[in-house]
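**Q** Per this note's numbering, numbering of the sequence shown is gapless, rising by one per residue and ending at 640. Take this structure, written in structure tokens, and hold onto it; I'll ask about it next.
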Amino acid sequence: MNISTFSIKQKLIVILMVAVLLSTALVGLLSQYITRDLLRTSVEQTQLPNIVKQLGNRVDKEATMMTTVAHAIATNPDILAWSAAGADNREEQKVVRYLNELAEFNGLAAASFVDRQTFKYWNLEGFLRTLKNDERDGWFFSYKDSGEPVSLSLYSEAGVGYRLFANYQQLNGRGMSGVAKSVDELVSILNNVHIADSGLVYLVDKNGAIIAHPDTRQVGKASLADFSSSQVAATLLNPGEFNLAQHSIDGEQHILASSFVPSANWYVVAQVPEAELYTGLNSAMRQLILWAVAVALLFAGLGVLLAGSITRPIEQLSNTFVQLGRGDGDLTTRLPPPAQQEMRQLVEGFNRFVESLHNTIVAVANTSQQLRDSAAGVAERSKVTEQNSKTQRDRTIQVATALTEMGSSVAEIARSANQAATDAHASTATTLQGREQTRSAVSAIDILAGHVQSASNTIGALDEHTSAIGGILDTIRSISEQTNLLALNAAIEAARAGEHGRGFSVVADEVRTLAQRAAGATDEIQEKIDSFRQDSVQAVSQMQASREQTGLVVNAANEIDALLQQISQGITSINDMNTQVATATEQQHLVVDDINKNISDISVNSDENLATASRLVEVSAQLDELASELTSQVAKFRY
2 MNISTFSIKQ KLIVILMVAV LLSTALVGLL SQYITRDLLR TSVEQTQLPN
52 IVKQLGNRVD KEATMMTTVA HAIATNPDIL AWSAAGADNR EEQKVVRYLN
102 ELAEFNGLAA ASFVDRQTFK YWNLEGFLRT LKNDERDGWF FSYKDSGEPV
152 SLSLYSEAGV GYRLFANYQQ LNGRGMSGVA KSVDELVSIL NNVHIADSGL
202 VYLVDKNGAI IAHPDTRQVG KASLADFSSS QVAATLLNPG EFNLAQHSID
252 GEQHILASSF VPSANWYVVA QVPEAELYTG LNSAMRQLIL WAVAVALLFA
302 GLGVLLAGSI TRPIEQLSNT FVQLGRGDGD LTTRLPPPAQ QEMRQLVEGF
352 NRFVESLHNT IVAVANTSQQ LRDSAAGVAE RSKVTEQNSK TQRDRTIQVA
402 TALTEMGSSV AEIARSANQA ATDAHASTAT TLQGREQTRS AVSAIDILAG
452 HVQSASNTIG ALDEHTSAIG GILDTIRSIS EQTNLLALNA AIEAARAGEH
502 GRGFSVVADE VRTLAQRAAG ATDEIQEKID SFRQDSVQAV SQMQASREQT
552 GLVVNAANEI DALLQQISQG ITSINDMNTQ VATATEQQHL VVDDINKNIS
602 DISVNSDENL ATASRLVEVS AQLDELASEL TSQVAKFRY
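Structure follows, in structure tokens:
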């Protein structure tokens with residue numbers, strides 16, 4: 002699952018739920034950790050110490066009571082005097098009654114008196130026996146010789162079970178007494194102490210032997226080390242006010258605490274599974290999880306409502322973009338401003354963008370129509386230019402033919418002048434013939450002058466047409482530059498439109514490319530026309546020079562005619578003049594050859610101009626098609 006593909010609404014819902022769950026989980030975990038730590042501290046430093054101390058005080062009270070009763074019996078002066086006097090049987094019932102009253106009053110199971118000197122033993126029923134240092138009574142002699150005034154011990158009797166005995170002896174006297182309580186009474190006290198669910202409390206002696214335990218089977222048989230370890234037992238059997246240890250029992254971690262009872266030289270031991278201390282905490286944690294899920298669901302619902310209110314304007318904006326991208330986008334569409342400030346700014350920005358796009362499309366549409374009109378005008382002018390180029394080519398051919406004829410005439414004049422010079426030496430008779438030829442030459446030169454003037458006029462007209470073509474090319478170049486600029490602006494606006502303007506951008510690039518090609522072709526035509534105009538100017542100049550030379554020839558011919566009339570001036574003068582005429586005619590022939598060559602170049606340029614004009618007609622048609630395509634693309638929008 003890729004979260005980047007989620008919608009904004011889904012992301013808002015997920016973020017809100019994750020934030021609620023994480024914050025709830027974090028608070029819950031911190032609360033559980035702190036509570037667990039506080040609970041552990043409370044258990045280890047308050048509850049367990051209080052329990053074992055209270056129970057220790059209870060045991061101490063019981064032990065003190067038992068030792069006090071034993072002390073009272075062992076030091077009773079009446080009993081000591083009675084025993085020292087030989088233990089009269091008549092007074093024995095008083096002693097027995099005294100023992101029973103003490104036992105009943107203090108809730109004892111047994112009470113006894115022993116004379117340390119005679120070893121006689123009395124209990125609640127009376128005289129029992131005289132003790133002997135054997136296996137059964139060896140405890141008495143061991144205790145007597147121990148030098149300890151007080152002794153607490155556990156003793157098992159057949160049919161009775163375990164009893165707790167408290168003994169007291171006069172180290173320097175003859176009195177010794179013992180009292181007993183059933184272990185069941187201590188067990189009852191222990192059972193009244195509840196720690197968690199399965200926690201328990203028991204008593205051990207200074208060696209760790211079990212004295213009292215809720216499980217009576219452990220009494221007198223098990224030790225503290227059996228429930229823990231020797232190291233833990235050593236820690237708990239420290240004669241301090243409170244001891245604490247941890248140990249794993251049957252794979253479960255337990256907390257063990259002990260408190261020393263100095264009066265009995267015993268230890269109260271409390272044992273509780275660590276997990277049970279946190280049962281309530283775990284239950285609270287489960288409730289917290291349920292509440293967290295409920296809160297998360299509540300906030301999820303709120304998140305759906307909130308996300309819907311946030312994303313609704315965005316969805317409207319998205320739908321509008323989709324409509325624009327389908328090709329029938331209505332650029333007159335505007336989104337109503339929502340109540341939220343951020344979304345209102347977004348919608349206002351979108352509306353401004355659509356307004357700008359609308360204005361751009363309208364401008365492009367208008368420009369497209371203008372481009373079509375301009376393309377039609379260019380096409381019409383290109384056709385006129387093509388027709389004029391054909392006419393110019395035909396006239397150039399005519400001029401070339403006329404110049405060829407003029408060249409032949411000039412050559413003929415040169416031959417005639419030479420012949421005239423030769424004949425001038427022969428006789429005067431040939432003078433008349435010379436005058437006739439001179440007149441013919443003058444006539445031919447006049448004709449040549451007329452042809453030259455006609456060619457000059459034709460070239461001048463050609464130069465005017467060329468200037469007109471240059472103006473048309475300037476118009477085409479201006480249109481091409483405007484088209485290129487508009488295509489560039491359209492490409493920029495298409496780039497701003499992003500993915501939806503990609504098709505329009507491609508069309509704009511094509512229009513710009515064609516506009517650049519049209520501009521390049523126009524520049525080539527301009528270069529050809531400029532070259533043609535230079536050649537035309539040169540041709541006009543040369544024809545003007547030829548015209549001037551023709552005038553000189555005419556003048557010379559007139560002079561020849563005058564000289565012929567004045568033949569008397571001498572054959573020498575006529576010969577000189579004929580020589581000048583021949584020379585001038587040869588120069589004229591050279592000029593005519595140059596003019597003929599230039600006219601040939603003009604003819605070639607005219608062909609090129611005709612081809613360029615034809616190409617210009619084709620380009621104009623393509624430009625018209627592109628303008629139509631641009632109009633078609635713009636028509637996809639409603640504006």
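We put the CB at the ideal spot given by N, CA and C, even for glycine. Since this is a predicted model, take the numbers as computed values, not measurements.
Let me make sure I understand the geometry here. Which of Ile-530, Glu-356, Leu-165 and Leu-81 has the alpha-carbon closest to that of Ala-112?
**A** Walking along the sequence shown from the start, residue 112 turns up at place 111. When only C-alpha atoms are compared, the closest one is Leu-165.
**Q** When you compare only the Cα positions, how much space is there between Ser-260 and Phe-243?
**A** In the sequence shown, residue 260 corresponds to position 259, counting from 1. In the sequence shown, residue 243 corresponds to position 242, counting from 1. The alpha-carbon atoms of Ser-260 and Phe-243 are separated by roughly 5 Å.
**Q** Taking the alpha helix (DSSP H) that Asn-58 belongs to, which residues open and close that run?
**A** Against the sequence shown, residue 58 aligns to sequence position 57. First-last of the alpha helix (DSSP H) with Asn-58: 49-75.
**Q** Nearest by alpha-carbon distance to Asn-698: which of Ala-516, Val-555, Ile-460 and Ala-495 is it?
**A** The question about residue 698 has no answer, for the chain in this structure spans 2 to 640.
**Q** To which residues of the same chain is His-248 closer than 7 Å at the C-beta, ignoring the five residues directly before and after it?
**A** Stepping through the sequence shown from its first residue, residue 248 is reached at position 247. Excluding positions up to five away in sequence, the list reads Ser-229, Ser-230, Val-233, His-255 and Leu-257.
**Q** Mind the definition here: the segment 285-297 touches the segment 80-93 only if three or more C-beta pairs lie below 8 Å; say whether that holds.
**A** The segment 285-297, when compared against the segment 80-93, does not touch it at the 8 Å Cβ threshold.
**Q** Using the C-alpha atoms, what's the distance from Leu-100 back to Met-66?
**A** Mapped onto the sequence shown, residue 66 falls at position 65. Mapped onto the sequence shown, residue 100 falls at position 99. Between Met-66 and Leu-100, the C-alpha separation is close to 15 Å.
**Q** When the Cα atoms are used, what is the spatial distance from Ser-532 to Arg-382?
**A** Numbered from its first residue, the sequence shown carries residue 532 at position 531. Numbered from its first residue, the sequence shown carries residue 382 at position 381. For Ser-532 and Arg-382, the distance between alpha carbons rounds to 21 Å.
**Q** Can the beta-carbon of Ser-481 be found closer than 8 Å to that of Ala-520?
**A** To locate residue 481, count along the sequence shown from 1; it is residue 480. To locate residue 520, count along the sequence shown from 1; it is residue 519. In contact: Ser-481 and Ala-520 (Cβ atoms closer than 8 Å).
**Q** Measure the C-alpha to C-alpha separation of Pro-263 and Asn-168 and round it to an integer number of angstroms.
**A** Walking along the sequence shown from the start, residue 263 turns up at place 262. Walking along the sequence shown from the start, residue 168 turns up at place 167. Approximately 16 Å, taken between the alpha carbons.
**Q** Taking the alpha carbon of Gln-539 as the reference point, which residue from Gln-483, Asp-602 and Asp-510 has its own alpha carbon closest?
**A** As a first step, residue 539 must be located in the sequence shown, where it is residue number 538. Comparing Cα positions, the closest option is Asp-602.
**Q** So Ala-1 and Leu-237 are supposed to be a Cβ contact under 8 Å. How far apart are they, rounded?
**A** Look at the range of the chain in this structure, 2 to 640, and you will see that residue 1 is not part of it.
**Q** Expressed to the nearest angstrom, what Euclidean distance is found between the alpha-carbon atoms of Ala-442 and Asn-389?
**A** Here residue 442 corresponds to residue number 441 of the sequence shown, with the count starting at 1. Here residue 389 corresponds to residue number 388 of the sequence shown, with the count starting at 1. Going by the C-alpha atoms only, they are around 36 Å apart.
**Q** Using CA atoms only, rank isn't needed, just tell me which of Ala-75, Gly-127 and Asp-61 is closest to Arg-91.
**A** Residue mapping note: residue 91 aligns to position 90 of the sequence shown, counting from 1. Of the candidates Ala-75, Gly-127 and Asp-61, the one whose C-alpha sits nearest the C-alpha of Arg-91 is Gly-127.
**Q** DSSP three-state label for Gln-581, please.
**A** As a first step, residue 581 is located in the sequence shown; it is residue number 580 there, counting from the start. Residue state, collapsed to three classes: helix.
**Q** Can you give, in chain order, each stretch of the beta strand (DSSP E) that sits fully within the segment 201-245 and has at least 3 residues?
**A** Runs found: 201-206 and 211-213.
**Q** Taking the alpha helix (DSSP H) that Ala-88 belongs to, which residues open and close that run?
**A** Counting from 1 along the sequence shown, the entry for residue 88 is found at position 87. First-last for Ala-88: undefined, no H or E at that position.
**Q** In the DSSP assignment, what residue or residues form a beta bridge with Asn-168?
**A** Against the sequence shown, residue 168 aligns to sequence position 167. Ser-152 and Gly-179.
**Q** Taking the Cβ atom as the reference point for each residue, do Leu-492 and Arg-513 lie within a distance shorter than 8 Å?
**A** As a first step, residue 492 is located in the sequence shown; it is residue number 491 there, counting from the start. As a first step, residue 513 is located in the sequence shown; it is residue number 512 there, counting from the start. Going by the sequence as given, residue 492 is Ala instead of Leu. For Ala-492 and Arg-513, yes; Cβs fall inside 8 Å.
**Q** Please return the same chain residues whose Cβ sits closer than 6 Å to the Cβ of Glu-253, not counting the five positions on each side in sequence.
**A** If you number the sequence shown from 1, residue 253 lands on position 252. So the qualifying residues of the chain are Pro-274.
**Q** Quick one: residues in its chain with C-beta nearer than 6 Å to the C-beta of Tyr-156, no 5 flanking neighbours on either side, listed in chain order?
**A** The residue labelled residue 156 in the question sits at position 155 within the sequence shown. Cβ within range, chain order: Arg-164 and Phe-166.
**Q** Rounded to the nearest angstrom, how far is the Cβ of Ala-445 from that of Ile-600, given a contact under 8 Å?
**A** Position 444 of the sequence shown, counting from 1, holds the residue named residue 445. Position 599 of the sequence shown, counting from 1, holds the residue named residue 600. Actually they are not in contact, since the Cβ atoms of Ala-445 and Ile-600 sit about 20 Å apart, beyond 8 Å.
**Q** What is the residue span of the beta strand (DSSP E) that Lys-145 lies within?
**A** As a first step, residue 145 is located in the sequence shown; it is residue number 144 there, counting from the start. Premise fails: Lys-145 lies in the alpha helix (DSSP H), 139-147, not in any beta strand (DSSP E).
**Q** What do you reckon, are the CB atoms on Ser-547 and Gln-589 nearer than 8 Å?
**A** Numbered from 1 along the sequence shown, position 546 holds the residue referred to as residue 547. Numbered from 1 along the sequence shown, position 588 holds the residue referred to as residue 589. Yes, they are a contact pair.
**Q** If you draw a straight line from the C-alpha of Ile-190 to the C-alpha of Leu-56, how long is it?
**A** Counting from 1 along the sequence shown, the entry for residue 190 is found at position 189. Counting from 1 along the sequence shown, the entry for residue 56 is found at position 55. Distance between the alpha carbons of Ile-190 and Leu-56: 8 Å.
**Q** For the beta strand (DSSP E) containing Asn-173, name the first residue and the last one.
**A** Taking the sequence shown and counting its residues from 1, the one referred to as residue 173 is at position 172. Unbroken run through Asn-173: none, as it is neither H nor E.
**Q** Quickly, what does DSSP pair Phe-114 with across the bridge? List them, please.
**A** Taking the sequence shown and counting its residues from 1, one reaches residue 114 at position 113. Answer is Trp-123 and Ser-178, bridged to Phe-114.
**Q** Name the one or two DSSP bridge partners that His-359 has.
**A** Translated into positions along the sequence shown, residue 359 becomes position 358. DSSP lists no partner for His-359.
**Q** Enumerate in chain order the residues of its own chain whose CB-to-CB distance from Ser-629 is below 8 Å, with the five nearest sequence positions on each side excluded.
**A** One-based indexing of the sequence shown puts residue 629 at position 628. Excluding positions up to five away in sequence, the list reads Arg-373.
**Q** Which value, in whole angstroms, describes the spacing of the CA atoms of Glu-63 and Asn-134?
**A** As a working note, residue 63 is residue 62 in the sequence shown. As a working note, residue 134 is residue 133 in the sequence shown. Approximately 30 Å between the Cα atoms of the pair.
**Q** Return yes when the Cβ of Val-618 is within less than 8 Å of the Cβ of Gln-550, no when it is not.
**A** Reading the sequence shown from its first residue, position 549 is the one you call residue 550. Reading the sequence shown from its first residue, position 617 is the one you call residue 618. No.
**Q** Check whether the Cβ atoms of Ala-271 and Ile-52 lie closer than 8 Å to each other.
**A** Working through the sequence shown from its first residue, we reach residue 271 at position 270. Working through the sequence shown from its first residue, we reach residue 52 at position 51. Yes, Cβ-Cβ distance for Ala-271 and Ile-52 is below 8 Å.
**Q** Who are the Cβ neighbours of His-72 in its own chain at under 6 Å, not counting the five residues just before and after it?
**A** Looking up residue 72 in the sequence shown gives position 71. Tyr-169, listed in sequence order.
**Q** Nearest to Asn-360 by alpha carbon, out of Tyr-203, Thr-333, Asp-138 and Val-385?
**A** Residue 360 sits at position 359 when you count from the first residue of the sequence shown. When only C-alpha atoms are compared, the closest one is Thr-333.
**Q** Have a look at Trp-292, Gly-504, Ala-85 and Ala-558 and flag the residue whose alpha-carbon is nearest the alpha-carbon of Thr-25.
**A** By one-based count along the sequence shown, residue 25 stands at place 24. Measuring from the Cα of Thr-25, the nearest candidate turns out to be Trp-292.
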